[in-house]
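So the structure is just underneath, and the comments pick up after that.
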Amino acid sequence: MRGYRYGVAAFVSVVVVGFIGPVADAGTTRAAGNEIAINPNGELSGDKTVTLSGTYLCNNNDPARAVFVTVSLMQDGSGRTIGEGERAVCDGQRHSFTASGKVENPPFEAGPARASATLLTLRMTPLSLPGVLTSSGQDVTLVPSP
1 MRGYRYGVAA
11 FVSVVVVGFI
21 GPVADAGTTR
31 AAGNEIAINP
41 NGELSGDKTV
51 TLSGTYLCNN
61 NDPARAVFVT
71 VSLMQDGSGR
81 TIGEGERAVC
91 DGQRHSFTAS
101 GKVENPPFEA
111 GPARASATLL
121 TLRMTPLSLP
131 GVLTSSGQDV
141 TLVPSP
């Protein structure tokens, strides 16, 4: 049952960020003790897989609440969630994250884009609504991978 709940939580987080991520504001929203940052360069492979990375720090003292790192990308008016919503480790230490996803319709191109990263919380109970611990949006450059 526990695995099912985490699967549902990951799905809900990806769906929610799919709607709110691409329209995230240019600034940063932060609750005390929580941070997230995106690296200024993302990779774009020949098969149109986009990879974005960064770091986060969070504190979560509630074992009934899961925290996920979600990432979205926007370029030329088209936005997509990248990756599947990685489970965050909220122990007060800084951690790295990587989000990858193949985007074909329309594909992203090398060059400037706008990225948004969010630490999204989800209480592990039926019909729980997601919450945002912190989010950050910034301009990034998609660089062809070697």
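Per UniProt numbering: the sequence shown = residues 1 to 146. A virtual CB, placed ideally from N, CA and C, is assigned to each residue, including glycine.
L142 is classed as buried because its beta carbon has at least 16 other beta carbons within 10 Å across all chains shown. Taking the Cα of V103 as reference, the smallest distance to any Cα among L133, T118, M74, S53 is reached at M74. K102 carries a strand assignment under DSSP once its states are collapsed to helix, strand and coil. Inside the UniProt domain "DUF6299" (34 to 143), DSSP marks whole beta strand (DSSP E) runs of 3 or more residues at positions 35 to 38, 41 to 44, 49 to 59, 65 to 75, 78 to 87, 91 to 102, 111 to 123, from first to last along the chain.
Taking the Cα positions, G54 is about 16 Å away from L44. Excluding five sequence positions before and after S128, the CB atoms of its chain that fall closer than 7 Å to its own CB belong to L122, given in chain order.
Between P146 and A110, the gap from beta carbon to beta carbon reaches 8 Å or more.
Around the C-beta of G137, 16 or more other C-beta atoms lie within 10 Å, and the residue is accordingly described as buried.
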